[in-house]
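Residue numbers (my numbering): 45 to 122.
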C-alpha cells in the first residue's frame, strides 16, 4: 500500500508491503547479512567484501562495493 500525505508543507510517503510468510521467517531472512544482495537490484553491482556470519549483531560492520550510477564503484561499510 502506498499513502501520500501533506501537512504544513511537509510531504510524507508511507509504503507497506504484506509478505506471505511468518514474522519469524521474515526476521531470519532480513537478519542474515548475506541476503543484502538478494534485496539489492542486480544492476547496482552489489558485492559484499567482508567476511560475515549468518546472523547480524550489534556493532557489526559489513563492507561492500556497489555501482549505483553508470558503473561507478563505491566501497562502503555500515
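The C-beta atom is built at its ideal place from N, Cα and C for all residues, glycine as well. None of these values were measured; they are calculated from a predicted model.
Given this structure, state the Cα-to-Cα distance separating residue i from residue j, to the nearest angstrom.
| i | j | result |
| --- | --- | --- |
| residue 57 | residue 95 | 36 Å |
| residue 46 | residue 61 | 9 Å |
| residue 106 | residue 80 | 10 Å |
| residue 75 | residue 66 | 14 Å |
| residue 52 | residue 59 | 21 Å |
Taking residue i and residue j to be in contact with their CB atoms under 8 Å, please state how far apart those CB atoms are, rounded to whole angstroms.
| i | j | result |
| --- | --- | --- |
| residue 78 | residue 93 | Their Cβ separation, rounded to whole angstroms, is 13 Å, which puts residue 78 and residue 93 out of contact at 8 Å. |
Beta carbon of residue i, beta carbon of residue j: below 8 Å?
| i | j | result |
| --- | --- | --- |
| residue 88 | residue 111 | yes |
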